[in-house]
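Residue numbering for the sequence shown follows the numbering used here, starting at 3 and increasing by one per position.
Inspection log for the structure reproduced underneath, given as structure tokens.
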Amino acid sequence: MVNSHKSITFAADSITNHYATMETTIIRRPASFRLRADLLEGLKRNAARQNRTLNNYVESVLLDIVYNEPNEVTKAAIKEAKSRKVYPENELYSSAEEMFKALNAEIDAE
């Protein structure tokens, strides 16, 4: 009798999980796009590097663009970078620390 109760409970849980999963099913619709040949080839190469299908790769890239909005700190940094009047020409750094020191010096000079 105990075993049949466990089986019934398991079956009920399985049915509940099945319906919970069905409620969150993502509906996909076919879409057709015309892309530049070199862009399509680049997308295919990137997908292959990640061992993913082209469709999966493109969908993940688009999801990232649509749903991952930058936070306020990142938005401020983007705004600052876009408003910068002078960009150092041919400035190479031997380390990230060296680059940050130069940037801090530039900020302190303002």
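C-beta: ideal position from N, C-alpha, C; glycine also.
Nothing here was measured: the structure is a model prediction, and the numbers come from that model.
Residue i - containing alpha helix (DSSP H), residue span
i, result
"I109", "98–111"
"T76", "74–85"
"A49", "39–51"
"N58", "56–69"
Nearest candidate by alpha-carbon position, reference residue i, set the options
i, options, result
"M86", "Y59, I109, E93, N58", "The sequence as given places Arg at residue 86; Met does not occur at that position. Measuring from the Cα of R86, the nearest candidate turns out to be I109."
"F35", "R47, N53, E61", "E61"
Exposure label - residue i; buried when at least 16 CB within 10 Å
i, result
"Y59", "buried"
"M3", "Here M3 scores only 48 on pLDDT, less than 50, and its place in the model is too uncertain to base an answer on."
Chain-order list of residues whose beta-carbon lies under 8 Å from that of residue i (same chain, five-residue window excluded)
i, result
"T76", "none"
Supposed close pair residue i, residue j - CB separation, criterion 8 Å
i, j, result
"A49", "L56", "5 Å"
"Y95", "A104", "7 Å"
Neighbourhood of residue i by C-beta distance below 6 Å, restricted to the same chain and skipping five residues each side
i, result
"D40", "none"
"K46", "L56"
Close beta carbons around residue i, own chain, < 7 Å, minus the five adjacent residues each side
i, result
"M115", "This structure cannot settle anything about residue 115, because the visible part of the chain is limited to 3 through 112."
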